[in-house]
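Taking the working numbering, the leading residue of the sequence shown gets 2, the next gets one more, and so forth.
Backbone N, C-alpha and C fix where the C-beta goes; we use that ideal spot for every residue, glycine too.
Computed from a predicted structure; not experimentally measured.
Report on the structure given below.
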Amino acid sequence: MDYNTLLDLATDLGYELAMSGAETFRVEESISRVLGAYGITAEVFAIPNCLTVSMETTDGQILTRMRRIGSHGNDLDSVERFNALSRAICNRIPEPEEGKRWLELARDSRRQFGLPMYLLGNFLGAAGFALFFGGNWLDFLCGGLCGLLIGIVSRYLEKMKANLFFRTISAAFAMAFLAYLLSVAGLCHNADMAIIGALMILVPGLLFTNAMRDIIYGDITSGVNRIVQVFLIAVALALGTAVAWGVVSSFFGTPVSLAPINHSVLLQCAACFCGCVGFSILFNIHGPGALLCIVGGTLTWMVYLLTVKLGGSDLTAYFWSALFASFYSEVMARIRKCPAISYLVVSIFPLIPGAGVYYTMNYAVRGFHDQFVLQGIHTAAIAGVIAVGILLASTTVRMYLTWLITHRK
């Protein structure tokens, strides 16, 4: 057997998974299982920016590969494809050269939405959540325009090789400045809602979800690394929108903040559905999986509303809805034999506290220190409750599957 080719195959497969946005444990387990199918025990160590694989051949030779992992994507279709490839290799155990050809075919068959669909995803995601968080139909359109601007700025700066922090600041400034100008011109009813809806595009939902799942599975280093990235992106959002607020205030006076509209349950669910359609495009989810993700997001919000209707606090509602979203994702993953992250990242999105993040930094910029502290603590509490819900569901499913395997033996 050509051990070098086999090691290259396993390492390249793990690299592709990592670059597509897979969790750390999935990258490590996929490599270990592929090499294990050939009777080889390997040591695999992955963190968000580096992958190291080491194995020992039958004649005692130690082989090692290391790959530098660059900026991660949000390509969940590729995660599903490479995850399916690892299953196929483990089941059929092809010759390493044949496995490499399979990997090339998987790379070549990846599907990507074109620029028009990408911009449509930005529009629907921002517009849907602008309405969802309490805007009116005018805010819906303005939020969509802000989302389009985020897509254009982000794509251009990505081509210019700008780093993520700078891209986030620039996109946040551009869209917030546009929203405030539209409000000054009387073309936007509530600039806050348009900005919050558009901010959801920049909120690192996949990064946050992967951080929680990494910590759940014991990859503390990777989880903390991703949490730090989430924090830095939140700082970039705060800086971008704060500068826009300051510029507009200097020239046109302080933007007026209006209270959000309390929409009917039906309209909230419809807006949530629209927003999740946009994010399924942005996360590059295709086929029946996209519909399941969108339905999952809508059902998650219905669980939230039902919990509140039954007298639960908002934190209690966030917990039960996050628990539902995680269980839903685990069940769909087992039924369709796809990674749970493909369903979880969109299903959990309606719970991401985009409004809390915006109001926290808005209070900080305006010097309302008491409100800043209270809103910041509440937003952090929401994020913590969501993390606990994900952790509990994922751990329960994993324990149940381990119990099933043990008793079958």
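DSSP, reduced to helix, strand and coil, places isoleucine 378 within a helical segment of the structure shown.
Between proline 256 and valine 248 a beta carbon distance of about 11 Å is seen, past the 8 Å cut, so the two are scored as non-contacting.
When DSSP states are grouped into helix, strand and coil, glutamate 57 belongs to the strand group. By a beta-carbon distance limit of 8 Å, glycine 122 contacts isoleucine 282. Their separation comes to about 3 Å.
Within the DSSP bridge table, the entry for glutamate 44 names Ser55 as partners. Setting aside the 5 residues that flank it on each side, aspartate 3 is surrounded in the same chain by Pro97, each with a C-beta closer than 6 Å to its C-beta; the list follows chain order. Collapsing the DSSP output to three states places methionine 67 in a strand. Non-local beta-carbon contacts of isoleucine 228 in its own chain, meaning distances under 7 Å to residues more than five positions away in sequence, involve Ala212 in chain order.
Secondary structure note for threonine 255: it is in no alpha helix (DSSP H), with a DSSP letter that is neither H nor E.
The alpha helix (DSSP H) runs lying completely inside the segment 5-50 and spanning 4 residues or more are 25-38, given in chain order.
The beta strand (DSSP E) runs lying completely inside the segment 89-150 and spanning 3 residues or more number zero. Sixteen is the threshold: since fewer than 16 other Cβ atoms of the shown chains lie within 10 Å of the Cβ of tyrosine 401, the residue is exposed. DSSP, reduced to helix, strand and coil, places lysine 338 outside both helices and strands of the structure shown, so it counts as coil.
In the assembly as shown, histidine 73 is a buried residue. Its beta-carbon has 16 or more other beta-carbons within 10 Å. Taking one beta carbon from each stretch, the segment 385-399 and the segment 320-332 have 3 or more pairs nearer than 8 Å; the two touch. Per DSSP, reduced to three states, the secondary structure at histidine 264 is coil, with no helix or strand assignment.
Lysine 310: member of the alpha helix (DSSP H) spanning 289-310, first to last residue.
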